[in-house]
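Protein sequences, first through last, are from chains B and C.
Note that the numbering used here has the first sequence beginning at 1, numbered continuously upward.
Note that the numbering used here has the second sequence beginning at 1, numbered continuously upward.
Scroll down for the structure; my scribbles are underneath it.
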Amino acid sequence: MNLSQGGAWRAAADGDRLLLAAVAGGAVLLLVVFVILPLWGILSYSLITPGGLGLGNYARYFGDPRFVSIIGNTFEVSLSVTAATIVLAYGFAYALERTRMPLRPLLRVVALLPIFAPSLVQALGLQFLLGRNGLVNRTFGTELDIYGFWGIFVADLLYAFPHAFLILSTALAVGDQRLYESAEALGASAWRSFRTVTLPATRYGIASATFVVFTIVITDFGNPVVIGGNYSVLAVEIYNQVSGQANFSMGAVIGVLLLFPAALAVVAERWIARHQHAAVGAQSVPLRARPNRRRDLLWLCYCLLVGAAILAVVAVVVYASFVRLWPYNLSLSLRHYAFDVQNGIAPLWTSIQVAFVTAGIAVVVVTLAAYANHQLSEAVKRPLYFLSILPAAVPGMVLGLGYILAFNDPAHPVYAIYDTMLIIAVCNVYHYHAQGFLLATTNMKQISRTFEEASATLGATRLGTLLRVTLPMIWPSVLAIGAFFFMRAMVTLSAVIFLITPSTQLAAVSVLYLDDRGALNQAAAFAVCIMATVIGFLLATQAVLRLAGVRQVSLIR
Amino acid sequence: MFLELRGVTKRFAGLTAVDGLDLDIEAGEFICFLGPSGCGKTTLLRLIAGLESLDEGTIRLRGRDLGQLPARRRNFGVVFQSYSLFPSMTVGRNVGYGLVCRKWPRPRIEARVAEMLALVGLGDQAGKYPHELSGGMQQRVALARALAPEPEVLLLDEPLSALDAKVRESLRGEIRDLQKRLGITTVMVTHDQDEAMEMADRILVMNRGRIEQVGAAQDLYWRPETRFVGEFIGRLNLLERGRWQALLPALGEASHTLFAIRPEHVRLVGDDESVAGPVGEGQVRKVAFLGNMTRLLVEAEAGLVEIEVHGPLEGAGVGERLRFVLPGEHVSPIAADRR
C-alpha cells in the first residue's frame, strides 16, 4: 500500500465525519432558530418597559389582583384535573389490561377518541349537553351553568384522558406473572397483591402520566377559551392580551410565567423516564388475567360509564352538526356542511395542506436529528439532545407568540416565510419536535448497533449505511412519525392561532371563530370534518402498513 | 509480521478493558481469544476491526499502521454473534453487499455471490430472506458475506454462541475447514474453551485486559503458566508448598510456593500396593459419576484434592478411605498471578 492511497482513506473518513457533522449542525441550527430565538424573543420582550429594560412588566402583572387570581385559577384547574384524570384513567387502563371483561377492544378505541379532535371539541360538546341551551337544561328544565371552573375541569379531563390512558395502559400491559403467583401462593389477598405488586410496578407510569397530563392541561387553550366563561387561565389570558389588546409585553410576561411550571413538569417527566429501569426481564412470564365474573362485571360497568361520557361529548358534536338549528329545531339536515359562512370550506383544505407539509418536514428533520443523536458520542450529543426535547417544555401559545416577536421583522431572514403556510408548518414541527424526536430515537435504539457495524466492516460509507440498511429497517416507524405530525397539525390550535392570516386560515381555528360567533352548528360540522380527516388519514396509513406486512407499529400517540 | 499489536490499550469510563497488550499474528493462522466475560477479548477484536478507537498503542497490518483507519477501509471481514444479516435484503443481496460497496461490476458480483454461497453449502438459498433460515444457516450466510470481499483478515465475534449445541459442533468443523482451505488469517473470540481448543492454532487466554498466556492448546493444558490459565482450561488441583510439602516430590526452586496437578494425573494406589515415593491418604467426601469417568473429592490431611478416574470405580463410596500419589512428572510449579 502506498502513501497516496492512505491519503485517500483519510479523505473518505473525513467524508463520513463531515456528513454527521453537517446533519448534527443543521439540526442544532434549526432548533436554535425556531425554538431558542422565539423563547429569547419572549423573554427579552417581557423585560422591555417604557423606561428601558427591567422587571416593570412583572411588577405590573403581580400588582394587579385579577392577574394574580389567574395564576391561582390555572393551578387550581391543572392540579385538580390531573388528579382526577390519573385516577379515572388508571382504573380504565387496569380494567382493559388486567381483566377479561368483554368489549375491551371497543372501549380502547372509545378512550382514544378525544385525540382525534382539536381540544375545543370537548368544550363544544359540553356546551351542547350542559350549556344554557344544552340538552340537559332543556329536557329537565334545570338551570345548570357549566361555564367556568367545572366546564374546564370536565372538558380538560376528557381531553387529557387518552394521553394518560396510553401511558398507563403501557405500564399495566407488562407484568411478571410469576410475581402474582408468588404473592398468591404466599396468601396475599387481591387487594394486597395490587398494593404490593401492581402499584409499585406501575409507579413510574403513574408519575410520568401525571406530569404529562399536568403539562397538557396547564397549556391547553381550546377548552378554557370556549367554556371558561369568566374563569380565566394563563393560556387564555395570553390570547386575550395579544389578540384582544395587542399588549405584547404583557403577553410575553404571561408566556414566561406559563413556561416555568410546564418546563418543571417536563424536566420531572424526563428524569423519571431516565430512571425507569426495565421491570420485566427476558425470563419474565407474561401476564395473563384470569376470568373472574363478578370482578369483570364491575369493571365493565365502570368502563362503560367512562366510555359513555367520552362518547357522549363527541357524539353530541356529530349530532349537532346534522341538526337544523340547535337546540330549537332538531330536524336532521346537511345544511351546515355547505360551509357558506366565513371562508367556507377553504380552511379545511389549508389545514390538510399544512398537515402534509408539517409531516413532510418533520419526518426529515426529526429522523435526522435522532440519527445524529444516535451516532454521536455521548459527550458531543448532549446539546443536540437537550435542544431536541426542549420544545416539550414550551407551551404552544408561548411558542406561537415567540414566533411573532422573533420573526415579525422584515430584516429577519425568517420573515421571508412569515405570513405563509410554511411558517405554520415549521411552528408545528418544532412545537411537537420533542415527541417526534423521542419516537424516532426509540426506533433507532431498537435497531441493533451490529447492523451498522456489519455494514461498516463490509465497506459501506455512513450515508450508504443510512440509505441501504437503516432506513429500509425503520421506514414503518418513520411513517408513523409522519402520521403523528399530520394528526397534531390537523388538531392543534394553540401555537398556530398567532400565526394564521386571512389567507392561511386553519380548520381548528375556524371552529373556534364559529363558536365565538355563536354559529355552533357550523362549528360542530367543521370539527366533524377535522375528526373525519384525521381518522381517515390514520386508517389509510394503517392500510399502507398492513399491505407492506408491517404489524407492530402503533399509529396513535 | 502479518498483524502486529503493540501496547494496545482501551479504556471505558475509568475501566481499562484492554491494557497495554502486545501480540503478533502470523499470516494464515487461526487464533482464538479466550477468557471469561468482561476480560476484554471482544473489545480487543473490535479494536482490530476498527469498531473501537485505540486509546494507546498501534495495530499494524504488514507494517502499515491501521491507527485512524475506519472499519470500512480496513477490509477485514467480521462475523457477529447475532448474525446481523440485513433483514430487508435477500441472502444473495446480503452476501453481495460488501461488493456493491466496493463498486464491483454486476456480473462479477453475481458470480462471487454464487461462489460464496456454494462455499458455505447454501447455493440454493440466494432468494430467501434471513428470517426464513435457521440460525446455523444465517450464520453461514454471515460468514459468506464477510468472506465475499476477499478480506485480509477474518474476525469472528463469538460466532457460535447463539446456536444450538448440535449446530455449534458441526459449524466448528466447517469454519475450521473453510479457514484452512482459504488460508485466511482468522481471529475468533470465544468464552468456550472446547471451541477454542478444537479450532485454533493458537489460543490467547485473557484476563482483566491482559494476556495470561498465548500458545497451542497442548501448551496451555500441559504447561499452564498461571493459576488462571490452569483453572480456566480444564480442572486443576492447587497445592501450596507449605501444606503439601510431605507429598510433593522434591522439585522446583525454593521460590515456587504454588504447585498444580490435573485431577486425572493423581493416581489412586491399592491398599496392598507398595510405592516408592510418599503416599497420601484421605477420606472420600463426594463422588460424581460422569459416564466415561468418575470424579472424587478427597479430603487429605493437607487439604482437599480432586481425583478423576477413567471408567467405573469400585469401593470408593463417600466416607471410604483412599491412598493416592502425586506423580512428580505431572506436578508443576505455577504462578499465582501474572503480575
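Virtual Cβ for every residue (Gly too), placed ideally from N, Cα, C.
Source: prediction; values computed, not measured.
Within the continuous alpha helix (DSSP H) that includes residue i, where are the two ends?
i, result
"B:L166", "149 to 173"
"C:D177", "165 to 182"
"B:H431", "421 to 431"
"C:K351", "A question about residue 351 of chain C goes unanswered here, because the residues of chain C that appear run from 1 up to 339."
"B:N73", "65 to 98"
"C:A17", "Segment 15 to 25 is the beta strand (DSSP E) holding C:A17; no alpha helix (DSSP H) there."
"B:F485", "471 to 491"
So residue i is in the beta strand (DSSP E); what residue range does that whole segment cover?
i, result
"C:R202", "202 to 207"
"B:N329", "329 to 332"
"B:A393", "Element bounds for B:A393: n/a, residue is neither H nor E."
"C:E212", "210 to 215"
"C:A260", "258 to 261"
"C:I307", "304 to 310"
"C:D157", "153 to 157"
Tell me whether residue i is buried or exposed, calling it buried when 16 or more other Cβ atoms sit within 10 Å of its Cβ.
i, result
"C:C32", "buried"
"C:C39", "buried"
"B:T470", "buried"
"B:V23", "buried"
"C:G311", "exposed"
"B:R132", "exposed"
"B:F386", "exposed"
"C:G13", "A small correction: the amino acid at residue 13 of chain C is Ala; Gly does not occupy that position in the sequence shown. Looking at its Cβ environment, which holds fewer than 16 other Cβ atoms inside 10 Å, C:A13 is exposed."
"B:T442", "exposed"
"B:F571", "No statement about residue 571 of chain B is possible, as the shown extent of chain B runs from 1 to 557 and does not include it."
"B:V68", "exposed"
"B:M1", "Note that B:M1 scores a pLDDT of 37, beneath 50, so its modelled location is shaky and nothing firm can be said."
"C:E150", "exposed"
"C:F30", "buried"
"C:A186", "In the sequence on display, residue 186 of chain C carries Thr and not Ala. It counts as buried."
Which of the three DSSP states, helix, strand or coil, is assigned to residue i?
i, result
"C:T275", "According to the sequence shown, residue 275 of chain C is Val rather than Thr. Looking at C:V275 - three-state DSSP - the assignment turns out to be coil, as it is neither helix nor strand."
"B:N443", "helix"
"C:F289", "strand"
"B:Q5", "At B:Q5 the pLDDT is 44, less than 50, meaning the model places this residue with poor confidence; the figure from the coordinates comes in the next sentence. DSSP places B:Q5 in helix when its eight states are reduced to three."
"C:M188", "strand"
"B:R568", "Within the shown structure, residues of chain B are numbered from 1 to 557, placing residue 568 of chain B beyond reach of any answer."
"B:V233", "coil"
"C:R339", "Per-residue confidence for C:R339 stands at a pLDDT of 49, beneath the threshold of 50, marking its modelled position as unreliable; the derived number appears in the next sentence. Coil."
"C:R295", "strand"
"B:A11", "Because the pLDDT of B:A11 is 49, which lies under 50, any placement of that residue in the model is unreliable, and the question is left without a value."
"B:K381", "helix"
"B:A252", "helix"
"C:Q283", "strand"
"B:V553", "coil"
"C:G234", "coil"
"B:G52", "strand"
"C:G270", "coil"
"B:R132", "coil"
Between the Cα of residue i and the Cα atoms of the options, which residue gives the shortest distance?
i, options, result
"C:Q139", "C:R241, C:S170, C:F289, C:E225", "C:S170"
"B:V236", "B:A309, B:V363, B:P395", "B:P395"
"C:E329", "C:I109, C:P107, C:W222, C:E212", "C:W222"
"C:E132", "C:E306, C:A17, C:F86, C:E4", "C:F86"
"B:F93", "B:T202, B:A320, B:G148, B:D220", "A quick correction: the sequence has Ala, not Phe, at residue 93 of chain B. Of the candidates B:T202, B:A320, B:G148, B:D220, the one whose C-alpha sits nearest the C-alpha of B:A93 is B:T202."
"B:V398", "B:T350, B:R449, B:L499", "B:L499"
"B:L458", "C:A142, C:E273, C:G242, C:E240", "C:A142"
"B:L493", "B:F484, B:L512, B:A338, B:A480", "B:L512"
"C:F80", "C:V279, C:P159, C:E299, C:T186", "C:P159"
"C:L268", "C:L21, C:L5, C:V205, C:E306", "C:E306"
"C:L23", "C:V309, C:R321, C:G209", "C:G209"
"B:S182", "B:A173, B:V197, B:T170, B:L172", "B:V197"
"C:E301", "C:A196, C:L239, C:A316, C:A335", "C:L239"
"B:F34", "B:H163, B:R192, B:V314, B:I424", "B:I424"
"C:S134", "C:S82, C:P327, C:R106, C:R102", "C:S82"
Task: Interface positions of the stretch 78 to 106 of chain C facing chain B (Cβ-Cβ less than 7 angstroms), listed along the chain - done: Answer in chain order: V78, F80, S82, S84, F86, P87, S88, Y97, G98, C101, R102.
Task: Residues, ordered as in the chain, of the stretch 465 to 481 of chain B that lie near chain C by beta-carbon distance below 7 angstroms - done: Flagged, chain order: V469, P472, M473.
Task: Members of the stretch 140 to 154 of chain C near chain B, C-beta cut-off 9 angstroms - done: Taking a C-beta cut-off of 9 angstroms against chain B, the contacting residues of the stretch 140 to 154 of chain C are A142, R145, A146, A148, P149, P151, listed in chain order.
TODO: Could you name the residues of the stretch 378 to 394 of chain B whose beta carbon sits closer than 7 angstroms to any beta carbon of chain C, in the order they occur along the chain?
DONE: Listed by position, the residues of the stretch 378 to 394 of chain B near chain C (Cβ gap below 7 angstroms) amount to none.
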